[in-house]
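Engineer:
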Amino acid sequence: MNTIIFKNSDEACKKASDMICSVVKEKNDALLGLATGGTMENVYKYIVEEYKNKKVDFKSIRTINLDEYVGLNGDHPQSYRKYMDDRFFNHVNILKENTYVPVTTGDINKELLRIKDIIDGNKGADVQLLGVGINGHIAFNEPCDRLNASVSVVDLDEGTIKANSRYFSSIDEVPKKAVSLGIGDILKAKKIILLAFGCEKANAIRELLKNDFITTKVPCTFLKAHNDVTVIIDEALSKEL
Ligand code: GLP
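What follows is the structure, encoded as structure tokens:
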């Protein structure tokens, strides 16, 4: 596992953007595995900047997002589809039909099959961006006795609902379920870039970097089974390890 520590999250996001843009330059029809959350906002800001400087071209690029809240349609302000459109897709020359964020308002079983086809059709994403929850979740794979290998509908942890309630007007509005790629889907990616900033993520990152266990109680530890993972953190977090 390759770990890179940056003075601040902004520099870290620039590095992640550079890594994603290199994949786009190498493979013009790459499948990018994308993530949402506060951590990723500046990654997309820098990718869009690269596009505006004519350094990257998205016209044949395809994307798949890790997760979506069940029941939020694409124009809900807190849906991950809207997050992606607002921060990334609407600002580059990507074809909307090549951007895939789980649709969770219709026939979900059909949707799970479609997502599985996209991932398996490409034998996993060419690069997967990942954030991590305070409890170590990746995508919405929450600490549990067993984790899903493939995309499925999952229950959100109470801690995750509380953490994500900062984006909603009240905690009661946070959906309790999500569609999430499974751990196996994530591990199929050819390359994984995980970003985590701030001391509140230290427990999860310590379990990933400082011991040899893989445990369903801290889902990000499954990344130890992959041979091309870059963990990008800031100094504030690294001081707590
Ligand atoms: C959310 C998302 C995750 C994300 C994580 C961290 O619940 N499902 O994919 O990595 O929480 O979010 P943030 O970057 O806002 O801390």
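The numbering of the sequence shown is the working numbering, which starts it at 7 and goes up by one. Just so it is clear, CB atoms sit at the ideal spot from N, CA and C, and this is done for glycine as well. In this text, all values refer to a predicted model and were calculated from it rather than measured experimentally.
For a test of your reading of the model: does the CB of residue 113 fall under 6 Å from any non-hydrogen atom of ligand 1? Yes or no.
Structural biologist: Against the sequence shown, residue 113 aligns to sequence position 107. False, no ligand heavy atom lies under 6 Å from that Cβ.
Engineer: Between the region 18-30 and the region 193-203, are three or more C-beta pairs nearer than 8 Å?
Structural biologist: Because the criterion of three Cβ pairs below 8 Å is met, the region 18-30 and the region 193-203 touch.
Engineer: Please name the residue in 230, 240 and 132 whose C-alpha comes closest to that of residue 29.
Structural biologist: Sequence index remark: in the sequence shown, residue 29 carries index 23 (1-based). With distances taken between Cα atoms, residue 29 lies closest to 132.
Engineer: Thinking C-beta only, is residue 185 closer than 7 Å to residue 108?
Structural biologist: Here residue 108 refers to the residue found at position 102 when the sequence shown is read from its first residue. Here residue 185 refers to the residue found at position 179 when the sequence shown is read from its first residue. Cβ atoms of residue 108 and residue 185: closer than 7 Å.
Engineer: What is the residue span of the alpha helix (DSSP H) that residue 116 lies within?
Structural biologist: In the sequence shown, counting from the first residue as 1, residue 116 sits at position 110. That run of the alpha helix (DSSP H) goes 114-127.
Engineer: Whose C-beta lies closer than 7 Å to the C-beta of residue 171 among residues of the same chain, with five residues either side of it excluded?
Structural biologist: Taking the sequence shown and counting its residues from 1, one reaches residue 171 at position 165. Taken in chain order, the residues that qualify are 177 and 180.
Engineer: How long is the line joining the alpha carbons of residue 209 and residue 129, rounded to whole angstroms?
Structural biologist: On the sequence shown, residue 209 is found 203 positions in, with the first residue counted as 1. On the sequence shown, residue 129 is found 123 positions in, with the first residue counted as 1. In a straight line, the C-alpha of residue 209 is about 32 Å away from that of residue 129.
Engineer: Nearer than 6 Å: is that true of the beta carbon of residue 2 relative to any heavy atom of ligand 1?
Structural biologist: In this structure the chain extends from 7 to 247, so residue 2 is not present and cannot be described.
Engineer: Excluding sequence positions up to five away, which residues of its chain have a Cβ less than 6 Å from the Cβ of residue 139?
Structural biologist: Mapped onto the sequence shown, residue 139 falls at position 133. These residues qualify, in order along the chain: 166.
Engineer: With a threshold of 7 Å on Cβ separation, who are the neighbours of residue 31 within its own chain once the five nearest residues in sequence on each side are excluded?
Structural biologist: Translated into the one-based positions of the sequence shown, residue 31 becomes position 25. Answer for residue 31: 62, listed in chain order.
Engineer: For residue 122, collect the residues of the same chain with a Cβ closer than 7 Å to its Cβ; drop the 5 residues on either side in sequence, then sort them by chain order.
Structural biologist: Residue mapping note: residue 122 aligns to position 116 of the sequence shown, counting from 1. These residues qualify, in order along the chain: 156 and 157.
Engineer: Tell me which same chain residues have a C-beta within less than 7 Å of the C-beta of residue 232, skipping the five on either side of it?
Structural biologist: One-based indexing of the sequence shown puts residue 232 at position 226. Around residue 232: 193 and 198.
Engineer: With a 10 Å radius around its C-beta and 16 neighbouring C-beta atoms as the bar for buried, classify residue 64 as buried or exposed.
Structural biologist: What you label residue 64 is simply residue 58 of the sequence shown in a count that begins at 1. It counts as buried.
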